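Here the protein sequences come in this chain order: P and C.
Quick note on numbering: the first sequence equals residues 1 to 353 in the working numbering.
Quick note on numbering: the second sequence equals residues 354 to 809 in the working numbering.
Even for Gly, the Cβ is constructed at its ideal location relative to N, Cα and C.
Small disclaimer: the values here were computed from a predicted structure and weren't measured.
In what follows, a structure is listed as structure tokens, so that the remarks can point back to it.
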Amino acid sequence: MTSRLKSGLLLLGVAVVLAPGTISAGSYKWVDEKGNVTYSDRPPQSADSPATAPAEVVPLNLKNLEVVKPAPPVQEQDYKKYLPPAVVPRSGPTRVDDLLELTGVRAHLVGLARGIAKELRPAPGIMNAKDQASIDRVLAKSLRPEALYGLMREAFIPQIDRTNLEATAAWLRSPLGRRITMLEVATVDPSFEQKVADYNEEIKANRLSDRRVELIWRLDWVMGSSDSSADLYATLSRGVTKAVSAAGPPERRLRPGQIDEQVAEIRARVSKPLSAVHHEATRYAYRDLSDDELTAYVVFASSDAGRWYHNAMHKAMISAVGRTVEQTAVELVRAVPVERWARAAQPAPQAVR
Amino acid sequence: MMTTDALKPLAAAFVLTLCAALAATAQEGRSPAAPVSDVDRAVAAFRAGRHAEALAAARRAADASPTAVRALTTRASIAEFMGEFDEARTFYDKAAALTPDDPGLIYRQASYALRVGEYDRALAQLDRLLALHPRQVRWLFQYAPTRLQAQLLRENPSLEHIVQIKIDILMEKGDLAQARRLAQGYAIVQPGQDYCGQARAVMAGRNREDVFKAFRLATLGQPDAADCIWWYGQWLSDEGYVLLGRVMVIEGSRVTPSAANKESGARYVRIRLGGNRDVPKRAEQLFLIARQRYLRDGDLEGAQRLFDECIRLAPGFARPYNYRALMAAELGDREAAIAWFQKGLKADNDSWRTHRNLGKLLAEMERYPEAEMHLRKTVELFGDDAGGHLALARVLYAEGKYDEFLKEATAAVTFLNAKTQIVDVREFLSKFDRWGPGAALPPAPDPNVIIGWNYD
Numbered sequence: 001m002t003s004r005l006k007s008g009l010l011l012l013g014v015a016v017v018l019a020p021g022t023i024s025a026g027s028y029k030w031v032d033e034k035g036n037v038t039y040s041d042r043p044p045q046s047a048d049s050p051a052t053a054p055a056e057v058v059p060l061n062l063k064n065l066e067v068v069k070p071a072p073p074v075q076e077q078d079y080k081k082y083l084p085p086a087v088v089p090r091s092g093p094t095r096v097d098d099l100l101e102l103t104g105v106r107a108h109l110v111g112l113a114r115g116i117a118k119e120l121r122p123a124p125g126i127m128n129a130k131d132q133a134s135i136d137r138v139l140a141k142s143l144r145p146e147a148l149y150g151l152m153r154e155a156f157i158p159q160i161d162r163t164n165l166e167a168t169a170a171w172l173r174s175p176l177g178r179r180i181t182m183l184e185v186a187t188v189d190p191s192f193e194q195k196v197a198d199y200n201e202e203i204k205a206n207r208l209s210d211r212r213v214e215l216i217w218r219l220d221w222v223m224g225s226s227d228s229s230a231d232l233y234a235t236l237s238r239g240v241t242k243a244v245s246a247a248g249p250p251e252r253r254l255r256p257g258q259i260d261e262q263v264a265e266i267r268a269r270v271s272k273p274l275s276a277v278h279h280e281a282t283r284y285a286y287r288d289l290s291d292d293e294l295t296a297y298v299v300f301a302s303s304d305a306g307r308w309y310h311n312a313m314h315k316a317m318i319s320a321v322g323r324t325v326e327q328t329a330v331e332l333v334r335a336v337p338v339e340r341w342a343r344a345a346q347p348a349p350q351a352v353r
Numbered sequence: 354m355m356t357t358d359a360l361k362p363l364a365a366a367f368v369l370t371l372c373a374a375l376a377a378t379a380q381e382g383r384s385p386a387a388p389v390s391d392v393d394r395a396v397a398a399f400r401a402g403r404h405a406e407a408l409a410a411a412r413r414a415a416d417a418s419p420t421a422v423r424a425l426t427t428r429a430s431i432a433e434f435m436g437e438f439d440e441a442r443t444f445y446d447k448a449a450a451l452t453p454d455d456p457g458l459i460y461r462q463a464s465y466a467l468r469v470g471e472y473d474r475a476l477a478q479l480d481r482l483l484a485l486h487p488r489q490v491r492w493l494f495q496y497a498p499t500r501l502q503a504q505l506l507r508e509n510p511s512l513e514h515i516v517q518i519k520i521d522i523l524m525e526k527g528d529l530a531q532a533r534r535l536a537q538g539y540a541i542v543q544p545g546q547d548y549c550g551q552a553r554a555v556m557a558g559r560n561r562e563d564v565f566k567a568f569r570l571a572t573l574g575q576p577d578a579a580d581c582i583w584w585y586g587q588w589l590s591d592e593g594y595v596l597l598g599r600v601m602v603i604e605g606s607r608v609t610p611s612a613a614n615k616e617s618g619a620r621y622v623r624i625r626l627g628g629n630r631d632v633p634k635r636a637e638q639l640f641l642i643a644r645q646r647y648l649r650d651g652d653l654e655g656a657q658r659l660f661d662e663c664i665r666l667a668p669g670f671a672r673p674y675n676y677r678a679l680m681a682a683e684l685g686d687r688e689a690a691i692a693w694f695q696k697g698l699k700a701d702n703d704s705w706r707t708h709r710n711l712g713k714l715l716a717e718m719e720r721y722p723e724a725e726m727h728l729r730k731t732v733e734l735f736g737d738d739a740g741g742h743l744a745l746a747r748v749l750y751a752e753g754k755y756d757e758f759l760k761e762a763t764a765a766v767t768f769l770n771a772k773t774q775i776v777d778v779r780e781f782l783s784k785f786d787r788w789g790p791g792a793a794l795p796p797a798p799d800p801n802v803i804i805g806w807n808y809d
């Protein structure tokens, strides 16, 4: 579960769905009378139609700014307090919570909540202080790792397969399994991205072996991690789109099928870049594992238990994130109307000399 | 030219109607002042693509001034465009009662009758139109030799309209021999011309109207050009003109000397065009317009009503069931969508598209065994369906049937290899070959590659 969310890529998607009337390059879509779908950087109707006219950019007036007490920082919890236990006592069958503890999922959810909040929060200075505070309050309240964990656990339970669960627990309890879990948990650290970038520079001079590269791609293949990242991205887009669409004017509301199409298109567009980002992150995350250790991980991931585990975790996470993001987005557009989000997404006017 | 009215983009027909309406305005004389503003509003809204608004304005105009020919004709034209056929007929008739000898209006009535399959009525209108011409012109039209007809039709475009509509009627009724005689007799087609070659050249340009015209001429001018006639039929099928498409594919299959092509044509008619199931022309046209109202206008309510009417008129016609299913899916009701697909299969169990759509929906819902059944049927009906093979391959992979997955995916890639880029599928197969099954499902793109199999 290495760094499933990467900032920057998500920002674009969220901006797109939060401001459907101000979509930038390549983001307009329409269906002609034969059902052909067209994507373009221009809308099909006239440029001055109400649906596409840029909203007026409201100049910042410092005198009018209200003094608002800043909201507490969102999700600045320390993931380290959720590290998996060194030893989970065994007495009888492994419980679901034991397994989830072993996976380090709680720590991952801290990072996930932080990543989602980062993507949903507008950049500093583009919202007025009051709206910004409202947004921060909603994010702090809605994106709690504990709540995400509850939803994920709920979605995980129906997928339990006792044999595979025990085999997975055995792997996670093994020294190598635990070591790998700790390496994956370390990806949650806020400094991880920078470390990945530094490492990329480092290996430019000292290339990885072909076997190593092959192992990393193969691990991605058997675990489906890149695909999971794309699914997560799509889930985020879907949640935001649904909320924004429902809050918008009736004539611009999207039908479920239209949302699905839009999300599928976004997913297809981000799939390759996400895969590349994921590959870089994986190279760094497992840098301390030997090729043999990485091979052992590939073998586990390819086993029935490994497949079951990654598939079940993926589905549970998608479910939890989907429900959470949709609810959060609903509250965000309730706290700050859609028009103000759209206006904030407009580029600032250039100063005239 | 009003040559292939039934096949032209409907907007073009509407412009012609407006010309007729404007001409009628000049004749109104004693009629009360027309509600110019609402008619103008209707026309402007129509031109801007706001069709529902256009019809509403036209209705207001006609209701406010029931003796204003322009208002009545505008309402009739827009109603026809929107598939409100009874309303269109009522208002054409009302307008005709006020100006019985208006050639433009008579032409519209003939064209309307052709659209809804009332051929005798259309011919009667054409006779009326002809009767409005000077006696000498009528005599020449009926008796002059072919070499003089071209000039006569050039000088009297309304005569050409008459000929072309008559040709359309004969073609739709399946009497191609008579249609060809008429076309030759009026010099619409000339001997020795390579119309088929021209049609192929035009097809590369992808201008729909030009393609229609070119293939139509090829069909009329080169009776032995089996491939060309067949392509015309398949092209028409993609455009939604099921009845004429059926005539052309059957004719192409009859003319071809190849036994394999004959078999292929018969299969095409069976799995793409509903075999010999009765589809009245009116139902076909309602379907076409309903599709446009749904896809182009996003008018779900209007489209749904027309699809339902189409199903009532042609219960064995699978295409409207498919659209009702797609609409249900788009509204988020997948169970209702499945029920519509199943109704479609009950109406026509050989409908390749219905099996395909149902299989893909079931796959999305992770109901893999059912999806497999319908997708297997899909590729059994049409073995060259690369997108169908890929969809089936994805389902087989999800079921862990990796050997069968490989067979289906490889078949599709082999077929598509020379035609289009399917990099993702090839990459997936390469990884599968190296590392065995992975966690993610294989991509299943659906490239449009063969004329006649792309749209319903």
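Under DSSP, the alpha helix (DSSP H) around S209(P) begins and ends at which residues?
No alpha helix (DSSP H) holds S209(P); DSSP gives it neither H nor E.
Please check if any C-beta of chain P sits within less than 8 Å of the C-beta of L684(C).
Taking 8 Å as the threshold, the shortest C-beta distance from L684(C) to chain P falls below it.
With a 10 Å radius around its C-beta and 16 neighbouring C-beta atoms as the bar for buried, classify Q489(C) as buried or exposed.
Around the beta carbon of Q489(C), fewer than 16 other beta carbons lie within 10 angstroms, which makes this residue exposed.
How would you label L215(P), buried or exposed, when you count the other beta carbons within 10 angstroms and need 16 or more for buried?
Buried, since its Cβ has 16 or more Cβ neighbours within 10 Å.
Which term fits G605(C), buried or exposed, when burial requires 16 or more other beta carbons within 10 angstroms of its beta carbon?
Classification of G605(C): buried, given that the 10 Å Cβ count is 16 or more.
Starting from the beta carbon of V299(P), find every residue of chain C whose beta carbon is closer than 8 Å, and list them in chain order.
Neighbours of V299(P) on chain C: none; closest Cβ ~12 Å, over 8 Å.
Can the beta-carbon of I116(P) be found less than 8 Å from the beta-carbon of D231(P)?
One thing to note: I116(P) has its Cβ no nearer than 8 Å to the Cβ of D231(P).
Along the alpha helix (DSSP H) that carries L232(P), what are the first and last residues, could you check?
Per DSSP, L232(P) belongs to the alpha helix (DSSP H) from S225 to A247.
Taking Cβ positions only, does R218(P) come closer than 8 Å to chain C?
By this cut-off, R218(P) is an interface position.
Contact set between H310(P) and chain C, taken where Cβ atoms lie within less than 9 Å:
Within chain C, the residues whose beta carbon sits less than 9 Å from that of H310(P) are A792, listed in sequence order.
Closer than 7 Å between beta carbons: that is the criterion. Which residues of the stretch 219 to 237 of chain P meet it against chain C?
Per Cβ criterion, the list reads W221, V222, M223, G224 and D227.
Rounded to whole angstroms, what is the Cα-Cα separation between L684(C) and E293(P)?
Taking the straight line joining both Cα atoms gives about 49 Å.
Are there three or more Cβ pairs, one per stretch, closer than 8 Å when the stretch 184 to 192 of chain P is compared with the stretch 742 to 759 of chain C?
In the pairwise beta carbon analysis, the stretch 184 to 192 of chain P is classified as not touching the stretch 742 to 759 of chain C: fewer than three pairs are separated by under 8 Å.
Just to confirm, is the Cβ distance from L711(C) to I691(C) under 8 Å?
Yes, the pair counts as a contact, with Cβ atoms nearer than the cut-off.
Taking one C-beta from the stretch 646 to 657 of chain C and one from the stretch 721 to 736 of chain C each time, how about it: are there three or more such pairs within less than 8 Å?
By the Cβ criterion, the stretch 646 to 657 of chain C is not in contact with the stretch 721 to 736 of chain C, since fewer than three pairs of Cβ atoms, one from each stretch, lie closer than 8 Å.
Taking all protein chains shown into account, decide if A169(P) is buried (16 or more other Cβ within 10 angstroms of its Cβ) or exposed.
By the neighbour-count rule (16 or more Cβ atoms within 10 Å), A169(P) is buried.
For chain C, find out if any of its Cβ atoms is closer than 8 Å to the Cβ of R162(P); answer yes or no.
It does not: the Cβ of R162(P) has no partner Cβ on chain C nearer than 8 Å.
Determine, for K713(C), whether the minimum Cβ-Cβ distance to residues of chain P falls below 8 Å.
By this cut-off, K713(C) is not an interface position.
P256(P) versus chain C: which residues are under 9 Å apart at the beta carbon?
Taking the beta carbon of P256(P) as reference, the chain C residues within 9 Å of it are A682, E683, L684, G685 and D686, listed in sequence order.
My assumption, with CB atoms under 8 Å, is that W817(C) sits in contact with L734(C). Please give the rounded CB distance.
Chain C is shown only over 354 to 809; residue 817(C) falls outside these bounds and no answer can be derived.
Contact between the stretch 210 to 229 of chain P and the stretch 257 to 264 of chain P: three or more CB pairs below 8 Å?
When C-beta atoms of the stretch 210 to 229 of chain P are compared with those of the stretch 257 to 264 of chain P, fewer than three pairs fall below 8 Å, so the two segments do not count as touching.
State yes or no: is the beta carbon of S303(P) nearer than 8 Å to at least one beta carbon in chain C?
No, S303(P) lies away from the interface with chain C (no Cβ there is under 8 Å from its Cβ).
Apply the 10 Å Cβ neighbour rule to Q517(C) and answer buried if 16 or more other Cβ atoms are within range, or exposed otherwise.
Counting other Cβ atoms within 10 Å of its Cβ, Q517(C) reaches 16 or more and is therefore classed as buried.
The alpha helix (DSSP H) enclosing Y460(C), as first and last residue numbers
From DSSP, the alpha helix (DSSP H) with Y460(C) extends over P456 to R468.
Please classify Q543(C): does DSSP put it in a helix, a strand, or coil?
Q543(C) falls in the coil class under three-state DSSP.
Measuring only the C-alpha atoms, how far is Q638(C) from R144(P)?
Taking the straight line joining both Cα atoms gives about 56 Å.
What's the C-alpha gap between H404(C) and T324(P)?
C-alpha separation (whole angstroms): 40 Å.
S704(C) by DSSP, collapsed to three states: which one?
Coil.
For A196(P), which of L151(P), L172(P) and T282(P) has the nearest alpha-carbon?
The question names Ala, but residue 196(P) in the sequence shown is Val. The shortest C-alpha separation from V196(P) is found at T282(P).
Please give me, in chain order, every unbroken run of the beta strand (DSSP E) with length at least 3 that falls completely inside the stretch 102 to 130 of chain P.
Those beta strand (DSSP E) runs which fall completely within the stretch 102 to 130 of chain P and span 3+ residues do not exist here.
Is the stretch 174 to 187 of chain P in contact with the stretch 133 to 141 of chain P, if contact means three or more CB pairs nearer than 8 Å?
Cβ pair count under 8 Å is below three, so no.
G402(C) and R625(C) look like a contact to me (Cβ under 8 Å); what is the Cβ gap, rounded to whole Å?
In fact, because the Cβ distance is near 30 Å, the residues do not count as touching under 8 Å.
Do I459(C) and L482(C) have their C-beta atoms closer together than 8 Å?
Yes. Within cutoff.
Nearest-angstrom Cα separation, counted from P498(C) out to L485(C):
Between L485(C) and P498(C), the C-alpha separation is close to 22 Å.
If I follow the unbroken alpha helix (DSSP H) through F735(C), where does it start and stop?
For F735(C), no alpha helix (DSSP H) segment is defined, and its DSSP state is neither H nor E.
Excluding the 5 residues flanking T609(C) on each side, which residues of the same chain have their C-beta closer than 8 Å to its C-beta?
Excluding five sequence positions before and after T609(C), the CB atoms of its chain that fall closer than 8 Å to its own CB belong to A579, D580, W583, K615 and G618, given in chain order.
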